[in-house]
Each structure stands twice: as C-alpha cells, then as structure tokens.
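Notes follow once the structure below has been shown.
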Amino acid sequence: MKIKLLSTFVLFSSQISFSQTISGKIVFNNYTIPNVEIINSNSRTLCISDANGNFSITAKMDDTLLFIAKNYELKKIIVNPFITNDKNLIIELTLKAEELKEVVITKIPSIKLSKDAKYEQEKLAQYALEKAANRPKVIGVNMGTIDNGIDFIAVGSLLGGLFKKEKEPVKKERPTIPFKDLAKTSCDQSYFLETLKLKPDEIELFLEFCDADPNSKNIATSNNTLVTMDFLFKKNLEFKKLHTPE
C-alpha cells in the first residue's frame, strides 16, 4: 500500500514539475480552424495549428495558453490535469462580432414614469391650476378668491424646482475605452508598420497579444498617448521574440 501511494505521489509531482506535450484540435461550430497561433505565455513558446486545426505545444501545470486567430476572439486556458489527460482535446473558438462602421441615433420621445416624484409634484401643481380655473362661480356670493387667479404656492414650487435644476452641476462620466480602440486612435498605421516593424496582417494579432496582458486595462483607463505608445513598444519586443525562430 505504501509503495502504491509513493508511486502516485511521484507521478503527480512529475506532472507538475516537468513540461508535457498538450495536443488537440481547434474548431468553430464543428469546423476546424487552421493557422491559429498557440502561445505559452509562461515559457514564451509558440506553435501554429495545421490545415486540420491540430496543434501540439509543451506546457507545465498551471501554464497559460493563448489561442490567437484572425476574426476570432482571444481564447485563454490554464493547463490542468483534465487537459493533460484528455486524449481528444477540443478547443472551441468564438467568432468576433461584426463591428458597425456607423451608428445612426434617432430621436426618441422621452417617457416620464409615474414613479418619478418630481414629475408627480409638477403634475399635481398643474392640475391645481386647471382646477382653479374651472371652478364654478356662485353669483352674488364673495368666495374670497380672484377669478382666474394664480396659485402662487404652486408656481413658487415649480420655479424653485427649475432653479434647483439649473444650479445642479452636470456630472460627466469618463467613458471607458477598450484597449484595442485606444491603441488604434493613439497611434496611426505608420507607427505599427515603421516604428514597430509589423506586417499589415500582424497588427490585429499583435493587439490581441497586448490585450491579453492585464496591464492593458490600466493603460486603457489612463487614456494617455505616450503611455500607450511606450506599452506597445515594450510588448512588441516580446511579440517579436515569440515569432523569431530559435
């Protein structure tokens, strides 16, 4: 019994410590996807799927594998025992949503809900004015009111609400820009082609590679052109190493 436990422990330890070959097939809706770049972000190794979508790459337990393909969303998986023991590993990619070139916004009439307290107050004040104007008059009797008089309390309440709205500062929320959009707007095509020495068909894959870095979220939040260009320059060095044959 002790020998079996020791053997199991040694086998488990060897799986964690040593690299193993991860093999599988990449598909979309049961169709194989060729020319997918598979990157081990821990060991900085790279392989490309063949014409039938098959791939093989070495990895250790808890390594992160990135699957990058044009027109498909970036896929990330963490190597675990289920993956290493799966003899028929299937990686399913998701097709990118088609980007709209132009969005036309039509004016929609505003709808006021009855749960709006301010709206209800204004509606009641208006109703009081209409009711006073339509109140029946008794001939020969002084009712202590002025014909077609103004409800000064209601009017004062309405004016007070208007002035209060004018004094309230307009809150501006800073929109969050996706990193890929920020990179494209901050840097023109010549920066990617001439400065970073990327090929035209590599730009999209390079941006996917940068977007996989958690630091890209902080760069997008800062919305600073110089910081963005510096980040792209550093990531380009890593990207070139992955695509340079040893």
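Letter by letter, the sequence shown follows residues -19 to -1, 1 to 227 of mature numbering (1 follows the signal peptide of the UniProt record, and there is no 0).
Using N, Cα and C, we set each Cβ at its ideal position, and we do this for glycine too.
**OP:** Closer than 7 Å by C-beta to Asn204: which residues in its own chain qualify, once you throw out the five before and the five after it? Chain order, please.
**Re:** Ile158, Leu163
**OP:** Would you give the residue range spanned by the alpha helix (DSSP H) that Asn217 belongs to?
**Re:** 206 to 224
Original post:
Helix, strand or coil: how does DSSP classify Glu54 here?
Top reply: coil
Subject >> Beta-carbon separation (whole angstroms), Phe220 vs Phe187, contact threshold 8 Å >> reply: 5 Å
Subject >> Neighbourhood of Ser167 by C-beta distance below 7 Å, restricted to the same chain and skipping five residues each side >> reply: Thr206, Thr209, Met210
Original post:
Where does Cys168 sit, in a helix, a strand or coil, going by DSSP?
Top reply: coil
Original post:
Rounded C-beta distance between Ile7 and Gly34? I'm assuming under 8 Å.
Top reply: Indeed, because the Cβ distance is near 5 Å, the residues count as touching under 8 Å.
Original post:
Buried or exposed: Asn21, going by 16 or more other Cβ atoms within 10 Å of its Cβ?
Top reply: buried
**OP:** Pull up the DSSP beta-bridge partners for Ala40, would you.
**Re:** Gln1
**OP:** Please name the residue in Tyr53, Asp43, Asp67, Leu218 whose C-alpha comes closest to that of Glu18.
**Re:** Tyr53
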